[in-house]
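K.L.:
Heads up: the sequence shown at position 215 corresponds to 654 in my numbering, and the numbers run straight through without jumps.
Quick one: the structure is below, and I'll ask about it shortly.
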Amino acid sequence: MESDYRPDIDGLRAIAVIAVILFHFGAPRFPGGFVGVDIFFVISGYLITRLLLAKGSELSIVEFYGRRMRRILPALLAMICFSLVAGWFLLLPGDYASLGRSAAFSAGGVGNYYFLWNTGYFDRDATLLPLLHLWSLGVEEQFYLLWPALMLFANRLPRGGQSAPVTAICLVALLSFLTALHLVTVDPKQAFYVPFSRAWELAVGGLLVFLPPLRRRASEVFGLAGLGLIAASAAWLSPDQPFPGANAVIPVAGAAVLVWPHSRSFVSRFLSTAPLRLTGKISYSLYLWHWPILVFFRHYAGTANPTAAEASVLIAGSFLTAYLSWRFVEEPVRSWRAPPMRSVTAGAAAALMVGLSGNSISEAGGFTSRIPKEVEALRSLEVMWDWPCPQMVRIPELGSTFCAFGAPWDKAKHRGMLWGDSHAEHLAPLLDVVGQREDTAFFLYRACPAAFGKGVNRAYPGQPRYQEICASSRQAAVGMLGRRSDVDIVVLSSAWTSLATTDVRADDGRNADKVLLLRDGLQSLVAEITTHHRRIGIVGQVPGPGLDLTSCAAMRETKILRRCSTEMDSERILKIWAPTVAALGSLARKDRVFFLDPVNGMCPNRHCTTYVNGEFIYRDASHIRRNLGPVTDGELARMIGFFPAIAADGGQLRMSETVNPKLLAAHRSN
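Below is the structure:
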């Protein structure tokens, strides 16, 4: 196969990996750099299919897998081992346990399914997972499992010739593309990670093997078109757009016309230049190593992104590490001439050992012995969110059972409803303390933000049915409140300020300010559910640091490496929060509607606190921990203003008592 070597494909690999690196490091003007992975898929499909067809009926499945293992596993397993060692020094137990689990899955070739099942709103931010990039290797490895068998079967069909494998590849490409088009509309996350919606990209590369070479003039035109399509997709696409599916056609087509066998052209000569050719040779190691280097730096820096100077150093370090990995790991093992079965056995044994190492870290909970008992409450996202529900109550009108807290539901003098998203959920422990003192029981209605569902809605990436779900949850709640007079207080809380930066829209197409749309959505709801015996409380968003400071807080008591602070950028919060606070505060009425501004009590003298009663209060960039002590919960409730608001005369709170005057002044000055 050495005589079939195409230096321009190494150059295309270089283009692909550089696009991915620029995207990951946040380079401006490359929002679609993630398409570099799709370019790799096309290249892999072409090279693997060419290799399989060259063997024809003499194809040995064992020999094929032996070659694949020598090509893929050495650098992969070396990088995973490095990550497991680095995680000991840089990650809290929860993150370290997660790394161990992802290492076990990735070593087994199914990392994409781990990240499909373990990336979500309440999981660790995906960009802080050191092995996240291995999802693409999982897709390729699963492709390798089926593709040789398909080619072997097609080659042995009695029809003979190339028609059978071409037909098989076309069928796979069509079915996979239709799957991608469907999944990207109903379950975009699954569409991104599963091989069924990605196989068409590899199949397109496979089809190129059967095409006649392009002639000189066509090579020139197609070469320029291919580069143009790749550049356009890297500059035009963004993570917010549906992908893969129709949007993936552009980079895949660009890669395909460049991989298509052709005569020498200007573009092929450009791609064959020494710098691109060398970068292409180390592109596999470069892809493997650049991501954990970036992610571990971000953990060290308290989740902050690197500055331009730091990014330059990290990228240079990635190139150096990749070269060393290619020179001393990839190449020696790749040139190893061992019997195929020995390669397969050795590769499987090595992958098993690394997988078991990762699994042992997971089973040990990330080794909590690395941190003192004083910070064990901060050891993982799950632990920080853990809060045992005091009681469960059935609300027949909503057809389900809900968590209730505060006073005993059956005996409480007053009953209330806490309605909202996760920013309502993290207030439950606080209202539990308040409710016990004020003889008020609450139940948690964890649903869409109450502003959405009628007249105002939001486009939610990854949830195509979000608008329908919000309308249904709001209608159910309004209906329940219309039938139950015993629910005499409703507390509405959500990530209002964060929502105002998302795609909030009016059902009637009005092009209004997003903050005002949120206000209008709440205003219409308040009008529907307010009665002479029921009070409505609107709680502003708890000030969040914008960065996950938890590991920095834990670092103060541990030997985990960090360069960060637990201080919050209070000025930024006061400025950003102001318009939303003013809009929500305008809904307060003396009679039955009150507004509480958490910033008012949590940011005295323009300095937002991160510690209350000696406890670090945040779980992540925006949520309060739910495993705080009851004394701390009570103090936070006092700071936010819950005690007087929930008391019998809470409805008499005046707006001037609940809205931070500094925020109103800041809003007016804007």
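Each residue gets a CB set at the ideal place from its N, CA and C atoms; glycine is no exception.
Keep in mind it's a predicted model, so treat the numbers as computed, not measured.
Tell me the DSSP secondary structure of A1086 in three-state form.
P.N.:
coil
K.L.:
Using a Cβ-Cβ cutoff of less than 8 Å, which residues in the same chain neighbour T606 once the five nearest sequence positions on both sides are dropped?
P.N.:
A593
K.L.:
Between which two residues does the beta strand (DSSP E) carrying C909 extend?
P.N.:
Premise fails: C909 lies in the alpha helix (DSSP H), 905-922, not in any beta strand (DSSP E).
K.L.:
Could you round the C-beta distance between N551 and G577 to whole angstroms and report it? I think they count as a contact, below 8 Å.
P.N.:
3 Å
K.L.:
Jot down the residue ranges of each uninterrupted alpha helix (DSSP H) in the region 953-1022, minimum 4 residues, whole runs only, in chain order.
P.N.:
Taking 4 residues as the minimum length, the alpha helix (DSSP H) runs contained wholly in the region 953-1022 are 953-968, 989-994, in order along the chain.
K.L.:
Give the straight-line distance between the Cα atoms of A867 and L956, rounded to the nearest whole angstrom.
P.N.:
Approximately 27 Å, taken between the alpha carbons.
K.L.:
In this structure, what does DSSP give as the bridge partners for R944?
P.N.:
N896
K.L.:
Return helix, strand or coil for S933, following the three-state DSSP convention.
P.N.:
In the three-state reduction of the DSSP assignment, S933 falls in the coil class, being assigned neither a helical nor a strand state.
K.L.:
Under 6 Å Cβ to Cβ from V633, same chain only, skipping five residues before and after it: list those, please.
P.N.:
none
K.L.:
Which of helix, strand or coil does DSSP assign to S677?
P.N.:
coil
K.L.:
Check whether the Cβ atoms of A630 and G684 lie closer than 8 Å to each other.
P.N.:
yes
K.L.:
With DSSP run on the structure shown, which of helix, strand or coil describes F881?
P.N.:
strand
K.L.:
Determine the DSSP secondary structure at V578, reduced to helix, strand or coil.
P.N.:
helix
K.L.:
Taking the straight line between their C-alpha atoms, what separation do you get for D477 and P690?
P.N.:
Taking the straight line joining both Cα atoms gives about 7 Å.
K.L.:
In whole angstroms, what separates the C-alpha of R507 from that of Y726?
P.N.:
17 Å
K.L.:
Spell out whether any CB of chain D is found under 8 Å from the CB atom of H621.
P.N.:
No chain D is present in this structure, which holds just one protein chain.
K.L.:
Rounded to a whole number of angstroms, what is the C-alpha to C-alpha distance between A588 and M856?
P.N.:
58 Å
K.L.:
Let me confirm a value: D1036 is counted as buried when at least 16 other C-beta atoms fall within 10 Å, else exposed. Which label applies?
P.N.:
Its Cβ being crowded by 16 or more others within 10 Å, D1036 is buried.
K.L.:
How is C842 classed by DSSP in three states: helix, strand or coil?
P.N.:
strand
K.L.:
Using three-state DSSP, classify D443 as helix, strand or coil.
P.N.:
helix
K.L.:
How about L710 and G450: do their beta carbons lie closer than 8 Å?
P.N.:
yes
K.L.:
When DSSP labels each residue in this structure, what does R654 get in the three-state scheme?
P.N.:
coil
K.L.:
Relative to the C-alpha of A843, which candidate in L571, G874, L883 has its C-alpha closest?
P.N.:
Measuring from the Cα of A843, the nearest candidate turns out to be L883.
K.L.:
Looking at C-beta atoms only, is the number of pairs between the region 930-946 and the region 973-989 that lie closer than 8 Å three or more?
P.N.:
yes
K.L.:
Apart from the five residues just before and just after T840, which ones in its own chain have a Cβ nearer than 8 Å to its Cβ?
P.N.:
M831, V832, R833, I834
K.L.:
Where does L451 sit, in a helix, a strand or coil, going by DSSP?
P.N.:
helix
K.L.:
So is V643 buried or exposed if we call it buried at 16+ other beta carbons inside 10 Å?
P.N.:
buried
K.L.:
Using DSSP with H/G/I as helix, E/B as strand and the rest coil, what is V633?
P.N.:
coil
K.L.:
Nearest-angstrom Cα distance between F528 and F736?
P.N.:
12 Å
K.L.:
Skipping 5 residues on each side, what residues in its chain have a beta carbon closer than 6 Å to that of T989?
P.N.:
L817
K.L.:
Determine the closest residue to P900 out of V623, R445, L570, with distance taken between C-alpha atoms.
P.N.:
Among V623, R445, L570, the Cα nearest to that of P900 is on V623.
K.L.:
Quick check: the Cα distance between R540 and F705, rounded to an integer number of angstroms?
P.N.:
47 Å
K.L.:
Taking its Cβ as the centre, do 16 or more other Cβ atoms sit within 10 Å of S808, making it buried, or is it exposed?
P.N.:
exposed
K.L.:
Measure the C-alpha to C-alpha separation of G859 and P888 and round it to an integer number of angstroms.
P.N.:
5 Å
K.L.:
Check this for me: beta carbons of V1032 and L1026, under 8 Å apart or not?
P.N.:
yes
K.L.:
Identify whether D927 lies in helix, strand or coil by the three-state DSSP scheme.
P.N.:
strand
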